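One structure is given below, encoded as structure tokens.
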Amino acid sequence: MEQETEHIKCLIIGSGPAGYTAAIYASRADLKPVMYTGMVPGGQLTQTTDVENYPGYPMGITGPEMMENFRKQAERLGTDIRYGYVSEVNFSSLPHKVIIDGIKTVLADTVIISTGASAKWLGLASEQKYSGFGVSACAVCDGFFFKGQDVAIVGAGDTAAEEATYLAKLCRKVYMIVRRDEFRASKAMVQRVLNTPNIELLYNTETKEIVGDGQSVTGVTVINNESGDEQTLNITGFFVAIGHKPNTDIFRGIIHMDDTGYIKTAPGSTTTNIEGVFCCGDAQDHIYRQAVTAAGSGCMAAIDAERYLAAKEHIVTA
Ligand code: NDP
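Residue numbers (the numbering used here): 75 to 392.
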């Protein structure tokens with residue numbers, strides 16, 4: 075089958091807050107952006123319920139509704155939004171070559187990577203069942219909904235330690251479920267956890283099942299992996315903090331990234347080591363991971379792309 079090829083100014087890969095914000099700015103800068111949404115149009119926020127910390131929504135909004143608004147805004151300003159998946163990239167020469175769904179070739183003068191990250195989950199059926207109804211992978215996003223209540227968090231890295239202390243400020247009690255007899259988190263973070271009186275540590279403990287009433291979480295059954303003892307903790311919120319995986323596999327070996335796959339960008343910018351390729355949102359941020367910070371970096375990526383093209387045009391026409 076003959077491949078279809080098209081040449082565009084700006085390609086945006088991924089459709090979370092970073093990608094849509096890049097699309098809004100790139101459209102208004104007349105870069106005529108084309109966005110490929112990826113497998114999860116709207117990104118991680120489509121898998122959450124209420125969003126109360128995104129400025130501009132005084133009464134809060136659901137994640138799916140918010141992403142629908144992002145999409146409509148980008149579309150109204152002229153972004154060509156397409157359902158498709160980038161299956162291969164070749165950034166070895168300009169324009170950059172990107173293959174969509176294994177069949178279509180797009181040549182792009184600039185590429186904005188906004189493929190996001192995915193939270194790692196334990197893989198329990200009950201975890202999936204109550205996701206957004208008591209089960210969350212983001213304490214900063216959802217902790218507020220459990221104010222004054224008892225919750226549990228699983229994980230023992232820096233994220234889990236940070237989120238446990240965050241939750242401890244809001245909640246009555248935080249059970250921290252650690253599968254080994256020690257933390258992975260840094261000493262300073264562990265000390266913060268140990269100094270927080272309403273965090274109860276459960277070492278050598280694994281999650282067996284999340285318990286609920288069909289509507290929301292009511293508890294969690296945990297098992298001590300040394301003694302085999304089981305107990306059910308009465309909680310209303312269950313937080314999973316066992317790491318994230320950036321969705322950057324297709325760029326591996328092609329673009330500079332850290333050991334865990336986060337794409338490296340120059341400090342204070344979205345530029346990568348490849349000319350004309352910019353990265354924003356969770357694909358390059360393992361620290362903040364918020365919708366609003368992703369959106370902010372999406373804006374930066376579009377401005378970086380626009381300035382890059384303007385500078386090139388200036389050189390060509392000078
Ligand atoms: P990490 O990979 O560092 O830690 C993941 C934790 O989850 C580990 O304790 C691991 O246990 C546990 N875990 C993994 N799978 C399971 C499972 N199936 N059941 C139970 N527990 C599980 O991820 P983080 O998100 O914590 O951190 C990612 C990176 O970001 C790190 O480099 C971290 O230092 C950094 N970071 C830095 C911060 C800061 O500086 N303020 C804040 C947050 C993150 P085990 O130890 O047994 O493998």
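C-beta: ideal position from N, C-alpha, C; glycine also.
Fair warning: this is a prediction, and the values are worked out from it, not measured in the lab.
Spatially closest choice to residue i from the options, by CA coordinates
{"i": "Gly229", "options": "Glu280, Arg246, Val214, Val180", "result": "Glu280"}
{"i": "Thr345", "options": "Cys373, His318, Arg258", "result": "Cys373"}
{"i": "Ala213", "options": "Phe207, Tyr240, Gly206", "result": "Tyr240"}
{"i": "Glu387", "options": "Ala211, Ala375, Gly350", "result": "Gly350"}
{"i": "Ile284", "options": "Asn272, Ile155, Tyr204, Tyr157", "result": "Tyr204"}
{"i": "Thr334", "options": "Asn347, Asp356, Gly342", "result": "Asp356"}
{"i": "Val291", "options": "Arg156, Ile309, Gly88", "result": "Ile309"}
{"i": "Ala259", "options": "Asp232, Gly176, Thr189", "result": "Asp232"}
{"i": "His170", "options": "Lys178, Thr184, Gly158", "result": "Thr184"}
{"i": "Asp175", "options": "Gly311, Gly112, Val296, Asn272", "result": "Gly112"}
{"i": "Gly152", "options": "Gln121, Tyr128, Arg102, Thr123", "result": "Arg102"}
{"i": "Arg254", "options": "Asn278, Val264, Gly342", "result": "Asn278"}
{"i": "Ile361", "options": "Asp378, Leu383, Tyr336", "result": "Tyr336"}
{"i": "Ala211", "options": "Ser200, Glu237, Lys221", "result": "Glu237"}
{"i": "Lys146", "options": "Gly130, Thr95, Gln202, Asp303", "result": "Thr95"}
{"i": "Ala191", "options": "Ala375, Asp303, Ser89, Ala97", "result": "Ser89"}
{"i": "Val294", "options": "Ile251, Lys106, Val366, Arg246", "result": "Ile251"}
{"i": "Leu276", "options": "Arg363, Val248, His318", "result": "Val248"}
{"i": "Gly478", "options": "Pro320, Phe325, Asp378", "result": "There is no way to answer for residue 478, as the model of the chain reaches only from 75 to 392."}
{"i": "Ala375", "options": "Ile82, Ala92, His81", "result": "Ala92"}
{"i": "Ser166", "options": "Val125, Gln305, Ile348, Asp104", "result": "Ile348"}
Continuous beta strand (DSSP E) stretch holding residue i: start and end
{"i": "Thr292", "result": "291 to 298"}
{"i": "Glu80", "result": "79 to 87"}
{"i": "Ile251", "result": "247 to 251"}
Distance cut-off 8 angstroms: residue i Cβ against heavy atoms of the ligand NDP
{"i": "Thr270", "result": "no"}
{"i": "Glu232", "result": "According to the sequence provided, residue 232 is Asp. The question's Glu does not apply to it. Correct: Asp232 has its Cβ closer than 8 angstroms to the ligand NDP."}
{"i": "Val214", "result": "no"}
{"i": "Phe220", "result": "no"}
{"i": "Phe257", "result": "yes"}
{"i": "Leu307", "result": "no"}
{"i": "Gly311", "result": "no"}
{"i": "Thr281", "result": "yes"}
{"i": "Ile251", "result": "yes"}
{"i": "Lys194", "result": "yes"}
{"i": "Thr45", "result": "Residue 45 lies beyond the residue range present for the chain, which begins at 75 and ends at 392; the question has no answer from this structure."}
{"i": "Ile361", "result": "yes"}
{"i": "Val296", "result": "no"}
{"i": "Gly317", "result": "yes"}
{"i": "Gly190", "result": "no"}
{"i": "Val108", "result": "no"}
{"i": "Glu162", "result": "no"}
{"i": "Arg254", "result": "yes"}
{"i": "Glu80", "result": "no"}
{"i": "Glu300", "result": "no"}
{"i": "Met263", "result": "yes"}
{"i": "Glu201", "result": "no"}
{"i": "Ser260", "result": "yes"}
{"i": "Val228", "result": "yes"}
{"i": "Glu349", "result": "no"}
{"i": "Glu126", "result": "no"}
Enclosing alpha helix (DSSP H) for residue i [first to last residue]
{"i": "Leu244", "result": "232 to 244"}
{"i": "Tyr99", "result": "91 to 102"}
Which of helix, strand or coil DSSP assigns to residue i
{"i": "Val366", "result": "helix"}
{"i": "Lys106", "result": "coil"}
{"i": "Cys354", "result": "coil"}
{"i": "Ile377", "result": "helix"}
{"i": "Ile348", "result": "coil"}
{"i": "Ile227", "result": "strand"}
Query raised in the report: Which runs of the beta strand (DSSP E) fall wholly inside the segment 257 to 340 and span at least 3 residues, in chain order?
Result: Taken in chain order, the unbroken stretches of beta strand (DSSP E) that lie wholly in the segment 257 to 340 and span 3 residues or more are 273 to 276, 279 to 286, 291 to 298, 304 to 308, 311 to 314, 318 to 320.
Query raised in the report: Curious, which full-length beta strand (DSSP E) runs of at least 3 residues does the segment 132 to 189 contain?
Result: The qualifying runs are 154 to 156, 160 to 164, 170 to 174, 178 to 187.
Report task. May I have a chain-ordered list of the alpha helix (DSSP H) segments no shorter than 4 residues that lie completely inside the segment 183 to 224? Result -> Listed in chain order, the alpha helix (DSSP H) elements of length 4 or more contained wholly in the segment 183 to 224 are 199 to 203, 213 to 216.
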